[in-house]
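Protein chains in written order, with the numbering used here: chain A, -8 to 179; chain B, -8 to 179. Structure first, commentary second.
There are 2 protein chains.
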Amino acid sequence: MKTNQIYDYIERLGNLLRVDSRRDGAEHGLQPVQLEALHYLSVCNRYSDTPKATSEYLGQTKGTVSQTLKVLEKKGFLRKVTDDNDKRVVHLKLTSAGDKLLQQFIPSRQFKEACQHLSDESQTQIVSCLKELLQTTQRTNGMKTFGVCHSCRFNQKIKADRYFCNLTQEPLSSKEIQLICREHEEVV
Amino acid sequence: MKTNQIYDYIERLGNLLRVDSRRDGAEHGLQPVQLEALHYLSVCNRYSDTPKATSEYLGQTKGTVSQTLKVLEKKGFLRKVTDDNDKRVVHLKLTSAGDKLLQQFIPSRQFKEACQHLSDESQTQIVSCLKELLQTTQRTNGMKTFGVCHSCRFNQKIKADRYFCNLTQEPLSSKEIQLICREHEEVV
DNA sequence: TTATATAGTATCGATTCGATACCATAATCA
DNA sequence: TGATTATGGTATCGAATCGATACTATATAA
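Written out as structure tokens, the structure reads:
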């Protein structure tokens, strides 16, 4: 069992990313968690761009996340749009300033630099290892997986470029199925 | 280039560990960063168990770390011992309560559980992947590597169970060379 | 001896974070 | 239909992180 070793590496790598994030974010008066929330909102689909879903993703209470989002809105990195069908729900859309910020800082310059020193094979192997580790962790703990539609058991391919979600009973475009979803459930 | 994918996985895994840590630590009134500091101090050698080294490891300012350590001391998880040679320096020793705490919470129950579902091969592969990723990141960014003496260019094997550090010019036991060191430099 | 570097601490203000209380809308059910 | 309950979200408070700054004590260099 190499549990401890794996734990140490993940903790250390996560830590380093956080240090980068703190330094980069400081330039715009942003905290690591705020960048992370913005990052999430940039890669999730229309079922998942709400404060509630963000709270589930970050593992924080909705009150905490509400404050985080307020800061991001005040700084002009996202705007809130009330849902047409359910007026309790708000959707969080990145502004162009928000997009620009992420392109600049996510991943951090340091991390990009490091990845360039890895061979293609290494990168492929690392991706598959991390994927397995993450999926195992999420499955074991009964957590939401936040995967993309492509790997979701609810997703159904109708024809080329036409998909259908069997959970929401709505059609999805080929662009949409590349985004992560709060309702995602791994194909078994 | 799979930079973004790798970044996402690491960020997500690190995030999950932090959520576990926050929940576990809360039982003893400890924050994630405090558990992390204690964890570091439990696996570092006698050159590296100081506030300064902890600050370098965590990537935080010495002032910040000083407060973290004060809390851990007040709660009885570590004690401070002034260095004999340099009276500015203090060494941080875990108490038995500190040891016990780590055994209970590091790695988190959830993480141990998840790792048990991974095959031996998977674990071995994950370890080697993460190691490569971490080393590349640290090397690229000119960071301290915080490795164990075994992989350090300053370490010299005299005979079975007898080692010597060419940096500090001191002998090291076979037990000591399994601990991480702030002066560690990878063999090239 | 004087200056400078280093290890560490103390204090302050901005911010995170969870807990609690609260509001508005939706869903349930008698 | 009308009352109850559930859900999404916000506001406020207190404890804690974190960096910046200023500070003390010891060690090293000039």
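For glycine and all other residues, C-beta sits at the position ideal for the given N, C-alpha and C. Please read all numbers here as calculations on a predicted model, not as lab measurements.
At the level of alpha carbons, what is the spacing between G138/A and D77/B? 53 Å
Ignoring anything shorter than 4 residues or poking outside the stretch 25 to 59 of chain B, list the alpha helix (DSSP H) runs there in chain order. 42 to 49
Once DSSP output is grouped into helix, strand and coil, what is the label at K150/B? strand
For K(-7)/B and T115/A, which I take to be in contact (beta-carbon distance under 8 Å), what is that distance rounded to the nearest angstrom? Approximately 7 Å separates the beta-carbon atoms of K(-7)/B and T115/A; this is inside 8 Å, confirming the contact.
Given that H108/B touches chain A, what residues does it touch there, using C-beta distances under 7 Å? T127, T131
Presumed contact (8 Å Cβ cut-off) between E167/A and N36/A, rounded CB distance: Indeed they touch by this definition, with Cβ atoms about 6 Å apart.
Tell me where the beta strand (DSSP E) around R70/B begins and ends. Residues 69 to 73.
Does the beta carbon of I(-3)/A sit closer than 8 Å to a beta carbon anywhere in chain B? yes
What's the C-alpha gap between R144/B and I(-3)/B? 29 Å
Given 7 Å as the limit, tell me if E112/A has its C-beta closer than that to any heavy atom belonging to the ligand ATP. Ligands in the displayed structure: none, and consequently the ligand ATP is not present.
With 16 other Cβ atoms within 10 Å as the buried cut-off, status of D(-1)/B: Burial call: buried.
Start-to-end residues for the beta strand (DSSP E) that takes in V81/A: 81 to 85
Note down, in chain order, each residue of its chain lying with its Cβ closer than 6 Å to the Cβ of I149/A, except the 5 sequence neighbours on either side. F155
In angstroms with no decimal places, state the Cα-to-Cα distance between L163/B and Y38/B. Approximately 11 Å between the Cα atoms of the pair.
Check whether the stretch 4 to 18 of chain B touches the stretch 93 to 100 of chain B, counting contact only when three or more Cβ pairs, one atom from each stretch, lie closer than 8 Å. yes
Check whether chain B comes within 8 Å of Q114/A, counting only Cβ atoms and requiring the distance to be less than that. yes
If I follow the unbroken alpha helix (DSSP H) through E104/B, where does it start and stop? Under the DSSP assignment, E104/B falls in the alpha helix (DSSP H) whose first and last residues are 100 to 107.
State the CB to CB distance for the pair L63/B and A105/B, rounded to an integer number of angstroms; the pair is presumed to be in contact (CB under 8 Å). So it is not a contact: roughly 28 Å between Cβ atoms.
Where DSSP assigns a beta bridge to L8/A, which residues make up the other side? None, per the DSSP bridge assignment.
Measure from the alpha carbon of A32/A to the alpha carbon of each residue in Q22/A, A44/A, L21/A, then state which is nearest. According to the sequence shown, residue 32/A is Leu rather than Ala. Checked all of Q22/A, A44/A, L21/A; the closest Cα to L32/A is A44/A.
Specify, as a first and last residue, the run of the alpha helix (DSSP H) that L21/A falls within. Unbroken run through L21/A: none, as it is neither H nor E.
Taking only beta-carbon atoms, is P98/A less than 8 Å away from chain B? yes
Secondary structure at F155/B, three-state DSSP: helix, strand or coil? strand
Does any CB atom of chain B fall closer than 8 Å to the CB of R3/A? yes
Tell me the residue span of the alpha helix (DSSP H) that contains S113/B. 111 to 131 is the extent of the alpha helix (DSSP H) around S113/B.
Please go through the same chain and pick out, in chain order, the residues whose beta-carbon is closer than 8 Å to the beta-carbon of S12/B, but skip the five residues on each side of it. P23, L26, E27, F96, S99
With a threshold of 8 Å between beta-carbons, can K103/B be considered close to chain A, or not? yes
Whether F68/A touches L92/A by CB criterion (8 Å): yes
Under a three-way DSSP split, which group does C143/B fall into? strand
CA-to-CA distance, G133/A to C140/B, given in whole angstroms: Roughly 39 Å separates the two Cα atoms.
In chain A, which residues lie less than 8 Å from D118/B when you measure between Cβ atoms? At residue 118/B the sequence reads Val, which differs from the Asp that was named. Chain A residues near V118/B: K(-7), Q(-4), I(-3), Y0.
Which partner residues does I171/B have in the DSSP bridge list? C35/B, V139/B
Quick one: is H108/A buried, meaning 16 or more other Cβ sit within 10 Å of its Cβ, or exposed? exposed
Compare the C-alpha of L85/A against each of E174/A, E177/A, K66/A and name the closest. K66/A
Find the nearest neighbour of A88/B within the set E47/B, V118/B, L124/B, H30/B, judged by alpha-carbon distance. H30/B
What residues in its chain sit with their C-beta under 7 Å from that of T159/B, if we drop five residues either side in the sequence? Beyond the five residues adjoining it in sequence on each side, T159/B comes within less than 7 Å, by CB distance, of Y38 in the same chain, given in chain order.
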